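Undergrad: Each residue of the sequence shown is one higher than the one before, counting from 4 in my numbering.
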Amino acid sequence: MTDTASLQGLLAPLFPGLLGIELREATPERVVAALRVRPDLCTTGDSLHGGAFMAFADTLGAIGTFLNLPKGARTTTVDSSTKFTRGAPVGTTVIGTSTPFHRGRTTMVWQTLVTTEDGKLCAVVTQTQLVIPA
């Protein structure tokens, strides 16, 4: 299952579906998605909660890893680092673009840039995914 619509269906009943992540592109080289900033995802000041930024980015890196896994293997995040550069106000949409730094046999490292719709950087997330053999 590697087409975007099938992946979206897989995510729908899970936490990424609860967040409202909308996949736009999902290939072994790049994952792009959107997230509408709703009031229930915000902190004080009507700005997207840092944990929502992190969960959004983590999901995209995990999808990228999933698309690169050998048959029967699984993945889990083992490390993540987030740098915040600006907030995202309620009512806007953020775009996440995740690309690999490293796609190895035992780990994969992905970087996700989260931006406003007009391309202003909000956060940079770098994560390491463990490849768990079948």
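Note that CB positions come from ideal geometry on N, CA and C, so glycine has one too.
Since we're looking at a predicted model, the values are computed, not measured.
Does P73 come out as helix, strand or coil in the three-state DSSP assignment?
TA: The residue you call residue 73 lines up with position 70 of the sequence shown. Coil.
Undergrad: Counting Cβ pairs, one atom from each stretch, are 3 or more of them under 8 Å apart for the region 74 to 86 and the region 98 to 109?
TA: no
Undergrad: Using the Cβ count rule (16 or more neighbours within 10 Å means buried), how would you classify G122?
TA: By 1-based counting over the sequence shown, the position of residue 122 is 119. Label assigned to G122: exposed.
Undergrad: Rounded to the nearest angstrom, how far is the Cβ of K74 from that of A137, given a contact under 8 Å?
TA: Along the sequence shown, one-based indexing puts residue 74 at 71. Along the sequence shown, one-based indexing puts residue 137 at 134. Between A137 and K74 the Cβ distance is about 7 Å, and since that is below 8 Å, they are a contact.
Undergrad: For L116, does the three-state DSSP call read helix, strand or coil?
TA: Against the sequence shown, residue 116 aligns to sequence position 113. DSSP places L116 in strand when its eight states are reduced to three.
Undergrad: Just the C-alpha distance for G99 and A37, rounded to the nearest angstrom, thanks.
TA: Within the sequence shown, numbered from 1, the residue matching residue 99 stands at position 96. Within the sequence shown, numbered from 1, the residue matching residue 37 stands at position 34. Spanning the two alpha carbons is a distance of roughly 6 Å.
Undergrad: Jot down the residue ranges of each uninterrupted alpha helix (DSSP H) in the region 28 to 100, minimum 4 residues, whole runs only, in chain order.
TA: The qualifying runs are 53 to 69.
Undergrad: With respect to the beta strand (DSSP E) encompassing L17, which residues constitute its N-terminal and C-terminal limits?
TA: To locate residue 17, count along the sequence shown from 1; it is residue 14. Careful: L17 lies outside any beta strand (DSSP E) and carries neither H nor E.
Undergrad: Put T7 into one of helix, strand or coil per three-state DSSP.
TA: By 1-based counting over the sequence shown, the position of residue 7 is 4. Helix, per DSSP.
Undergrad: For the pair the region 122 to 131 and the region 42 to 49, tell me if three or more CB-CB distances fall below 8 Å.
TA: Taking 8 Å as the limit for Cβ pairs, the verdict is that the region 42 to 49 does not touch the region 122 to 131.
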